[in-house]
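For reference, the structure discussed in these notes is given below.
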Amino acid sequence: MKTFNKGGVHPEENKLASNNKTKVFPLTKKAVVFVSQHLGAPATCLVQKGDKVKVGTLLARADAFICANTHSPYSGTVTKVDVAVDFNGFKKPAIYIDVEGDEWEESIDRTADIKREITLEPKEIVQRMKDCGIVGLGGAAFPTNVKYMVPDGKKAEFLIINGVECEPYLTSDNRIMIENTEEIFIGIEIMKKALGINTALIGIENNKPEAIKLMTAMSEKYKGTEVVPLKLKYPQGAEKQLINALTGREVPSGKLPIEVGCVVDNVGTALAIYQAVQKNKPLIDNVMTFTGKSVKPENQKNLLVRVGTPLQEIIDYCGGLPEDTGKLISGGPMMGKAIMDTSAPTVKTTSSILVINEKEAKRQTPTPCIRCGKCVDACPMGLEPVLLSTLCSQDKWEEAENECVMDCIECGCCLFTCPANRPLLDLIRVGKFKVGALRRARAQK
Amino acid sequence: MGTIIIIGVITLTVAGIVLSLILYLVAQKFKVVEDPRIDLVAEKLPGANCGGCGFAGCRALAEAIVKAENLEGKACPVGGVPVMAQVADVMGLKAEASDPMVAVVRCNGGKCNTHKKVSYDGAKDCVVANQNFAGEGACSFGCLGLGNCSRACKFDALYINEQTGLPEVNQDKCVGCGACVKACPRLVIELRKKGLKDRRVFVSCINKDKGAAAKKNCDVACIGCGKCEKVCPFGAITVANNLSYIDFNKCKMCRKCVAECPTGAIHAVNFPPAKPKVEKPAEETAQVNNDNNPQEKGTVNENI
Numbered sequence: 000m001k002t003f004n005k006g007g008v009h010p011e012e013n014k015l016a017s018n019n020k021t022k023v024f025p026l027t028k029k030a031v032v033f034v035s036q037h038l039g040a041p042a043t044c045l046v047q048k049g050d051k052v053k054v055g056t057l058l059a060r061a062d063a064f065i066c067a068n069t070h071s072p073y074s075g076t077v078t079k080v081d082v083a084v085d086f087n088g089f090k091k092p093a094i095y096i097d098v099e100g101d102e103w104e105e106s107i108d109r110t111a112d113i114k115r116e117i118t119l120e121p122k123e124i125v126q127r128m129k130d131c132g133i134v135g136l137g138g139a140a141f142p143t144n145v146k147y148m149v150p151d152g153k154k155a156e157f158l159i160i161n162g163v164e165c166e167p168y169l170t171s172d173n174r175i176m177i178e179n180t181e182e183i184f185i186g187i188e189i190m191k192k193a194l195g196i197n198t199a200l201i202g203i204e205n206n207k208p209e210a211i212k213l214m215t216a217m218s219e220k221y222k223g224t225e226v227v228p229l230k231l232k233y234p235q236g237a238e239k240q241l242i243n244a245l246t247g248r249e250v251p252s253g254k255l256p257i258e259v260g261c262v263v264d265n266v267g268t269a270l271a272i273y274q275a276v277q278k279n280k281p282l283i284d285n286v287m288t289f290t291g292k293s294v295k296p297e298n299q300k301n302l303l304v305r306v307g308t309p310l311q312e313i314i315d316y317c318g319g320l321p322e323d324t325g326k327l328i329s330g331g332p333m334m335g336k337a338i339m340d341t342s343a344p345t346v347k348t349t350s351s352i353l354v355i356n357e358k359e360a361k362r363q364t365p366t367p368c369i370r371c372g373k374c375v376d377a378c379p380m381g382l383e384p385v386l387l388s389t390l391c392s393q394d395k396w397e398e399a400e401n402e403c404v405m406d407c408i409e410c411g412c413c414l415f416t417c418p419a420n421r422p423l424l425d426l427i428r429v430g431k432f433k434v435g436a437l438r439r440a441r442a443q444k
Numbered sequence: 000m001g002t003i004i005i006i007g008v009i010t011l012t013v014a015g016i017v018l019s020l021i022l023y024l025v026a027q028k029f030k031v032v033e034d035p036r037i038d039l040v041a042e043k044l045p046g047a048n049c050g051g052c053g054f055a056g057c058r059a060l061a062e063a064i065v066k067a068e069n070l071e072g073k074a075c076p077v078g079g080v081p082v083m084a085q086v087a088d089v090m091g092l093k094a095e096a097s098d099p100m101v102a103v104v105r106c107n108g109g110k111c112n113t114h115k116k117v118s119y120d121g122a123k124d125c126v127v128a129n130q131n132f133a134g135e136g137a138c139s140f141g142c143l144g145l146g147n148c149s150r151a152c153k154f155d156a157l158y159i160n161e162q163t164g165l166p167e168v169n170q171d172k173c174v175g176c177g178a179c180v181k182a183c184p185r186l187v188i189e190l191r192k193k194g195l196k197d198r199r200v201f202v203s204c205i206n207k208d209k210g211a212a213a214k215k216n217c218d219v220a221c222i223g224c225g226k227c228e229k230v231c232p233f234g235a236i237t238v239a240n241n242l243s244y245i246d247f248n249k250c251k252m253c254r255k256c257v258a259e260c261p262t263g264a265i266h267a268v269n270f271p272p273a274k275p276k277v278e279k280p281a282e283e284t285a286q287v288n289n290d291n292n293p294q295e296k297g298t299v300n301e302n303i
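Respectively, the protein sequence lines represent chains Z and P.
Sequential numbering of the first sequence, starting at 0, is according to numbering that gives the first Met the number 0.
Sequential numbering of the second sequence, starting at 0, is according to numbering that gives the first Met the number 0.
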């Protein structure tokens with residue numbers, strides 16, 4: 000069975016909610032929608048106080064190249080356009096909506112039947128992705144349409160679909176692969192058409208047997224798309240590792256996957272593209288997981304939640320927090336970020352609320368490095384985390400840049416494996432931030 | 000026997016003369032002419048190589064001064080006026096009177112005045128914490144209290160007060176080099192004029208949130224009400240983005256704004272204690288200050 004070649008770790012799987020069917024989360028009363036929910040330039044807000052909006056109304060427009068539209072996930076009245084606190088506690092521009100009913104824009108096809116015929120031309124497909132505000136749902140929220148504008152001189156050979164879900168606890172991708180199998184395949188057909196290729200590889204880790212079975216069965220019907228079961232290893236869902244696992248190719252340092260002829264997208268994105276292109280539905284909801292070791296089994300849930308729903312409502316819906324809660328994480332335990340404010344709303348890429356108990360939430364006290372080299376073995380990018388973190392702690396940004404600090408994918412393998420509990424990734428993140436700023440300053444000169 | 004000694008002496012003498020001649024010629028040929036004033040100027044400088052002047056070290060500053068033949072924009076913040084007067088003497092120039100600067104911490108939130116929402120147990124580094132979250136007290140502008148500034152200080156003038164969780168500046172040791180200003184990821188610390196008799200009036204808050212939001216997280220936040228701007232007779236105070244700022248070049252230290260501030264965000268340091276017959280509002284504010292502040296009267300931030 001295939002996997003990627005370098006590094007990687009094996010955290011406990013803990014896919015506790017993988018057999019729980021996705022439920023539709025009830026509508027909230029007061030929604031808060033961030034104006035920008037993507038990576039790149041901020042979007043321009045189009046609505047103001049008092050405006051009536053429907054589900055699917057454009058709230059913020061993408062004016063820059065790397066930018067995405069934001070649509071209203073609810074119908075109702077805009078009460079104010081102000082700042083709101085995100086789950087990290089930072090304030091960002093947001094649109095407050097008082098929800099009234101559930102009225103959708105007429106252009107959106109709300110029927111449940113599956114539409115198989117693809118009528119749009121490749122250019123129209125890419126435009127539709129942009130119009131519907133599709134962003135990568137793997138976590139980075141990179142505007143998807145940008146990936147499908149292949150630069151001159153490059154050629155896409157493989158479409159790679161990420162159904163790996165290598166993060167422990169998360170089960171939302173698993174659920175959509177089981178419940179929306181055919182939609183995902185049609186989405187993949189659309190993506191293939193947009194790229195003008197006929198080869199797609201879907202990577203799924205072998206801890207999801209049901210998804211592999213259903214997806215493989217469906218792949219009989221859609222020629223050119225192959226399901227590849229992968230050996231369990233974290234971080235297989237990172238795009239460079241997945242490309243390596245599926246094609247054996249290696250993306251050069253500092254380059255994008257298109258350099259080796261690959262375009263990588265998540266299964267969630269494939270589903271969103273199906274809905275955008277075939278049903279004209281913008282990205283206004285996604286499946287997320289509520290889970291954790293101390294959460295009761297009946298409260299472990301996969302929920303289809305609209306963007307802009309306060310996290311606290313989701314927690315209440317799932318029976319509240321267990322008593323021994325030490326920390327809440329949005330995203331997986333390896334790469335996710337701690338939630339400091341539960342009044343914050345969900346965004347397009349919110350994939351989970353993960354409840355960590357007090358014992359596991361506590362970070363161990365760092366002790367001196369014993370030079371065991373475990374982090375070097377674990378790094379899937381072939382970097383030396385111990386060296387990078389030392390350079391970053393000494394403010395040696397140029398040297399860190401020469402040691403390819405920018406290639407770090409922040410997977411957290413080094414931190415996970417360090418027997419001395421050193422804050423390796425924290426320091427490397429600072430280095431990435433500083434080197435990024437240095438590079439921008441150099442580019443301006 | 001005697002001849003051998005004589006031959007030896009003569010040979011060594013001749014060799015010595017020849018070699019010294021070569022050395023002399025080489026020294027002449029490769030002589031590096033260095034302005035002697037560089038050494039003289041460098042001698043006057045403190046020699047701590049702190050970089051506070053903006054140059055790589057004391058000698059680099061001396062070289063720059065001698066090369067430029069003027070003192071414009073070149074001053075040693077550590078030595079201050081006395082040292083620069085000596086340097087000016089060496090250079091035959093007139094010393095510019097530059098006001099000594101001191102680091103000022105513009106946050107009074109910390110452990111006592113903000114409402115702790117979460118606890119942080121990540122890496123003890125402000126830059127790391129700033130990337131991860133807004134802060135334990137949920138203020139996304141204020142001090143994180145993890146001590147990057149005190150680690151950056153080469154003069155032992157800054158330390159984190161364990162009780163308040165805020166950095167405190169020892170104004171006698173602070174030389175105004177600005178290392179802490181650069182180390183702070185949130186720009187909490189500012190260099191301000193040390194002021195006459197070390198007296199200063201400044202806004203100890205940099206929160207740009209709207210009043211209600213700022214006050215929700217911190218009892219002593221500037222809410223941008225603009226009362227200080229109205230009361231200031233010298234036009235030294237501007238309120239922009241819900242935050243008041245006092246221009247230290249215009250401020251005449253009348254302290255009207257201190258009395259006016261409803262949240263006690265404006266601090267006056269090193270003033271003598273208010274006399275009993277001071278008007279009522281001022282007294283009340285001083286009282287509020289005392290209540291909210293475990294430190295006395297908001298003055299102690301600077302004083303040890």
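Beta carbons: idealized from backbone N, C-alpha and C, even for Gly.
Quiz item: Which chain Z residues sit within Cβ distance under 7 Å of D120 of chain P?
Solution: K361, R362
Self-check item: Endpoints, beta strand (DSSP E) assigned at F201 of chain P
Solution: 199 to 202
Self-check item: Cβ-heavy atom distance, F154 of chain P to the ligand GDP, below 7 Å
Solution: Inclusion of the ligand GDP in the displayed structure is not the case, the ligand content being empty and no account of it being possible.
Quiz item: Taking the continuous alpha helix (DSSP H) assigned at G305 of chain P, which residues delimit it?
Solution: What the structure shows of chain P is the stretch from 0 to 303, and residue 305 of chain P is not part of that stretch, so it cannot be assessed.
Practice problem: Can you pull the chain Z residues whose beta carbon is under 8 Å from the beta carbon of V127 of chain P, in chain order? | Solution: P422, D425, L426, R428, V429
Quiz item: Under 8 Å, do Y221 of chain Z and E188 of chain Z count as touching if we go by C-beta distance?
Solution: yes
Quiz prompt | Pairwise C-alpha distance: G146 of chain P and E161 of chain P | solution = 11 Å
Practice problem: Mind listing, in chain order, the continuous beta strand (DSSP E) runs of no fewer than 3 residues lying wholly within the segment 33 to 103 of chain Z? | Solution: 57 to 60, 75 to 84, 90 to 98
Quiz prompt | Under the three-state DSSP convention, the category V180 of chain P falls into | solution = helix
Quiz item: By Cβ distance, which residues of its chain are closer than 8 Å to K481 of chain Z, with the 5 residues on each side in sequence left out?
Solution: Since the displayed chain Z opens at 0 and closes at 444, residue 481 of chain Z lies outside it and no answer follows.
Exercise. Measure the C-alpha to C-alpha separation of A47 of chain P and A59 of chain P and round it to an integer number of angstroms.
Key: 12 Å
Quiz item: So the beta strand (DSSP E) Y244 of chain P belongs to, where does it begin and stop?
Solution: 242 to 245
Quiz item: Given a threshold of 16 other Cβ atoms within 10 Å of its Cβ, counted over all protein chains shown, does M0 of chain Z qualify as buried or as exposed?
Solution: exposed
Quiz prompt | C-alpha gap between R191 of chain P and T349 of chain Z, whole angstroms | solution = 44 Å
Practice problem: Have a look at I257 of chain Z and N401 of chain Z and give me their C-alpha separation to the nearest angstrom. | Solution: 24 Å
Exercise. Could you tell me which chain C residues have their CB closer than 8 Å to the CB of A83 of chain Z, listed as they occur along the chain?
Key: The chain labelled as chain C is not found among the protein chains of the depicted structure, namely Z and P.
Quiz item: Closest by CA to K14 of chain Z, which one among Z:D172, Z:S392, Z:D315, Z:Q393?
Solution: Z:D172
Self-check item: K28 of chain Z and V98 of chain Z closer than 8 Å at C-beta
Solution: yes
Quiz prompt | Cβ of F89 of chain Z within 8 Å of any chain P Cβ | solution = yes
Quiz item: Per DSSP, A102 of chain P forms a beta bridge with which residues?
Solution: P:L190
Quiz item: Is V219 of chain P close to chain Z, meaning its C-beta is less than 8 Å from at least one C-beta of that chain?
Solution: no
Quiz prompt | Residues of the segment 337 to 354 of chain Z whose Cβ lies closer than 8 Å to any Cβ of chain P, in chain order | solution = A337, M339, D340
Quiz prompt | Beta-carbon neighbours of F432 of chain Z, restricted to chain P and to distances below 7 Å | solution = Q130
Practice problem: Taking the CB atoms as reference points, tell me whether I107 of chain Z and K278 of chain Z lie closer together than 8 Å. | Solution: yes
Self-check item: Sheet register partners of Y233 of chain Z (DSSP bridge)
Solution: Z:V8
Quiz item: If we ignore side chains and look at the alpha-carbon of each, how far apart do L38 of chain Z and G88 of chain Z end up?
Solution: 18 Å
Quiz item: CB D376 of chain Z to CB G6 of chain Z, shorter than 8 Å?
Solution: yes
Quiz item: If you count every other CB in all the chains shown that lies within 10 Å of the CB of Q47 of chain Z, and 16 or more means buried, which is it?
Solution: exposed
Self-check item: Range of the contiguous beta strand (DSSP E) that encloses A199 of chain Z
Solution: 199 to 204
Practice problem: State buried or exposed for A264 of chain P, treating a residue as buried only when at least 16 other CB atoms are found within 10 Å of its CB. | Solution: buried
Self-check item: Positions along the segment 104 to 116 of chain P whose CB lies within less than 9 Å of some CB in chain Z
Solution: K116
Quiz item: Whose CA, out of Z:W396, Z:V304, Z:L382, lies closest to the CA of I352 of chain Z?
Solution: Z:V304
Quiz item: Cα separation between S342 of chain Z and Q130 of chain P?
Solution: 20 Å
Quiz item: Is it true that the CB of V306 of chain Z sits closer than 8 Å to the CB of T345 of chain Z?
Solution: yes
Self-check item: Residue span of the beta strand (DSSP E) that contains D284 of chain Z, given as start and end
Solution: 284 to 291
Practice problem: With 8 Å as the threshold, decide whether the Cβ of A137 of chain P is near any Cβ in chain Z. | Solution: yes
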